[in-house]
Structures are given as C-alpha cells and as structure tokens.
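Single-structure report; data block below.
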Amino acid sequence: MKKTLLAATVAAALVSGYSQAAVINLIDVGGVTGSKAEQGFQIAADYWAKMLTNDATINLNIKFDALPPGVIGSTGSTKSDLLVENWINGVNATKSSSTIDQTAVLPKTTKDFFGFDSIVDGLTAGVDINGFNDNTVTASLDGKIASAVLYQNTSVLKAIGYDAALAGVVDGSMTFSSTFAFDFNPLNGIKAGTFDFIGVAIHEMGHALGFVSGVDYFDLVGFPNGPYAGIYGDFNDTSIFSALDMFRYSAPGTLDLQIGGNPYFSIDGGQTALFGNTFSTGRYNGDGNQASHWKDEPFCGAGLGIMDPTFCYGQMGVISGLDLAAYDAMGWNLSVDALTYGTKSTFQIYAEAVPEPTTWALMLGALGGLVGLNRRKNRQAK
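Residue numbers (mature numbering (1 follows the signal peptide of the UniProt record, and there is no 0)): -21 to -1, 1 to 361.
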C-alpha cells in the first residue's frame, strides 16, 4: 500500500555546512530537539549540504509534533517573483564547469511589449469563455506575464546570487507527525509498516530547494476538476512557473507548461528526456500526482529518484543522478557529476553520517523576514 508524499516562533537551529558548500540551517520550531527525528533531519540536511556548492545559506523551519490521524506532515516553501531574464543571467553568472551547466539549453526568449525577455514557444493552460483556466484547452504562453516573470523558491534565488539580499529569509518549513510510523535507522532495512524518515526528509527538503512546478496551480484552479476552478481568473496573467519548469518539454523546442500529456525533463531543449524520465502531470486533472514530481513508478517500484511522488511502507529512499541533474540545471552547483552519479540509498547516506556525523553547531537566535508568499499544503496519507 502506498502513501502519497506531497511536496510542502524560532528556537534552536542546527547548522549543516561544508567548505565549498551551501549552509542549511534547520530551525527547530517545536518537538525536534531530543527526539528520534532530530538525527534524521540532520542527516538529510547534511546530504544536501554536501551535494550543493553554491555560496548560499538556506533556512528551514522543522517541527515534529502530533497531527490529525492519517496526516504524515505538511511542507511549505517561500517564493518570490523574478524576471526570467534575471534568472537566466543569474544562472549564467554562477554556473560551474559541470557538463550540465556548460551545455544545458535555457528557454528561448524575445523582448515583450514592456521590454522584458519573455519565453517563446511555450504551451500553457487556456481559458474558457468566462476567462477561467480550462485544462482541456491549450494556449500559447507567448507574451503573457507568466512568460516573463518566474514565481521562484527563495532558496534557488539565493543559489544564483541573491543570497545577501535574502539573508535571514526562512526558505521553507516542514512538520512531520510524531505519531506516524517512521523508521529512523535504515541500516537494517525499513521495517514493514513504517516509512523511511531520512528518505522522506530528503524528499521534502528537495521541494524547498526548488523541485516545484507552477503547473500545479493550473491543476488547482482549472477546469474540469480543480477544487478552485471558476474562482480565479487566468493564472497566466501572473507569475506562476519555476526554474525547473524551464526544462519541462513534451517535444523538441517547445516548453510544456500545461496539465496532462507526457512532459519530461530535458537539458537539450526537448530533444531528449534525460535518462528516459517523465514528469507527473497533476493531482486533479492529470495522472493523480502533483506535477512537482517525477512520474510515479507503479507497484512500489524504485522510481526515477527521491522526487518520485510516493513512498511505500517498508521502502528505502534512493537518490538518483536524475534528481541531482534537475538541481544543477535550475541554478544549483554540485560537488558531484549528476550524469555519472548513479544512485545512492538512505542506507549509504546513513552509514556515511553515523556514528561520526559531521559536527553540528547549535546556535540560538531568531530568524525572520519572510518574503514572497509562503504557500503550505497538507500531506494526506491515502
């Protein structure tokens, strides 16, 4: 039986950082210090800090507390508007010597009416006769506000050169249920009837670090099945898409930013799907899973990577080179080559960190100053 894992007051903060690496501050806002979850959160943050080499400090609120029955947890990310041209300039200014950074094809743009670089050759959700998004209608993205302005995680903005401007911003928050069945030690496998805590934590931090898609907003507000359909106008008239969406294709040369279909992650302008991947296409109007994930592998298969939309009871998390390639493309730099990385399980990650994990500095302080809109979503066990 599968459980769907959707993306998603300041006390002690645990700091994970390496030389030539991002710094990840885990800010305990309740119940983590002294709990079984503490080490799991630390190991997950430590993994990401070792992988990401940008000069960026990422602040994540974490909580371990009782939640309603059946709810595994909730996750939220802080986002802010950024012109597409500024994202492109930031990526080019901070990129590394990796093959992905040197060869990845960024979206084609042209100057719009206001003089901003605007994406061309993109497909998006259209509207019905009343001006509401309708996911059965395909429209061109060209010239719309969404083609010129990204709605991007602040963590990614920090990675591409905005770290000083966003200093102190809390980039995301995670609450895990203290009453849910988790396995905190993968060395002897993941026990039946439990979830891999470290794997889930790496997955959720992955969303806060930028693995998100604006396509999910069309899924929520668009006909025929969106729970908020017919309430808002055309979401193409606002910022909506992420840096990851700039590599979402369904055919060569054309970004596919609509619900459904067979979109895939491509670093060569849509010519190929890296490692044969595909994306999920929407919970309500697509394949049943949020677009901010890889395509789900049925029957509890290993999946394409840690950003698969589901975990099974007793399943160990596995991070893939495909996962890491997405971060390399969107603006993060890596300490490894994603194209040759292969895979790494939480068994291996735990074994490398325990019993002598990297030193964790404990600091006290208050972090604040949220910018952008912090959108939260509950993760419901099914």
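A virtual CB, placed ideally from N, CA and C, is assigned to each residue, including glycine. Model, not experiment: these values are computed from the prediction.
| Asked | Found |
| --- | --- |
| Pairwise C-alpha distance: residue 302 and residue 3 | 19 Å |
| Proximity winner among 304, 311, 315, 328, relative to residue 297 (alpha-carbon distances) | 328 |
| Length of the line joining the Cα atoms of residue 219 and residue 97 | 14 Å |
| Residue 50 beta carbon less than 8 Å from that of residue 119 | no |
| C-alpha gap between residue 99 and residue 122, whole angstroms | 8 Å |
| Closest residue to residue 148 among 159, 154, 135 (Cα-Cα distance) | 135 |
| Beta-carbon proximity of residue 69 to residue 139, cut-off 8 Å | yes |
| Chain-order list of residues whose beta-carbon lies under 6 Å from that of residue 322 (same chain, five-residue window excluded) | 297, 299 |
| Alpha carbon of residue 241 to alpha carbon of residue 330, nearest angstrom | 37 Å |
| Rounded C-alpha distance that separates residue 181 from residue 66 | 25 Å |
| Three-pair Cβ contact test at 8 Å for the stretch 180 to 198 versus the stretch 231 to 238 | yes |
| Cut-off 8 Å between Cβ atoms - residues of its own chain near residue 231, not counting five sequence neighbours on either side | 248, 249, 250 |
| Close beta carbons around residue 88, own chain, < 8 Å, minus the five adjacent residues each side | 63, 64, 67, 96, 97, 98, 99 |
| Ordered list of beta strand (DSSP E) runs contained in the stretch 70 to 107, each at least 3 residues | 88 to 90, 96 to 98, 101 to 106 |
| Boundaries (first-last residue) of the beta strand (DSSP E) holding residue 50 | 50 to 62 |
| Close Cβ partners of residue 337 (< 6 Å) along its chain, the five nearest in sequence each way excluded | The predicted model places residue 337 with a pLDDT of 38, which falls under 50 and marks its position as unreliable; any figure quoted below should be read in that light. Excluding sequence neighbours, residue 337 sits near 25. |
| Enclosing alpha helix (DSSP H) for residue 309 [first to last residue] | 300 to 309 |
| Limits of the unbroken beta strand (DSSP E) element including residue 136 | Counting along the chain, residue 136 falls outside any beta strand (DSSP E), though it belongs to the alpha helix (DSSP H) covering 133 to 136. |
| Contact belief for residue 133 with residue 58 at Cβ below 8 Å, rounded distance in angstroms | 7 Å |
| Start-to-end residues for the beta strand (DSSP E) that takes in residue 153 | 151 to 156 |
| Same chain, Cβ closer than 8 Å to residue 173, neighbours up to 5 away in sequence not counted | 160, 161, 162, 292, 293 |
| Element boundaries [beta strand (DSSP E), containing residue 5] | 2 to 7 |
| Check whether residue 33 and residue 312 have beta carbons under 8 Å apart | yes |
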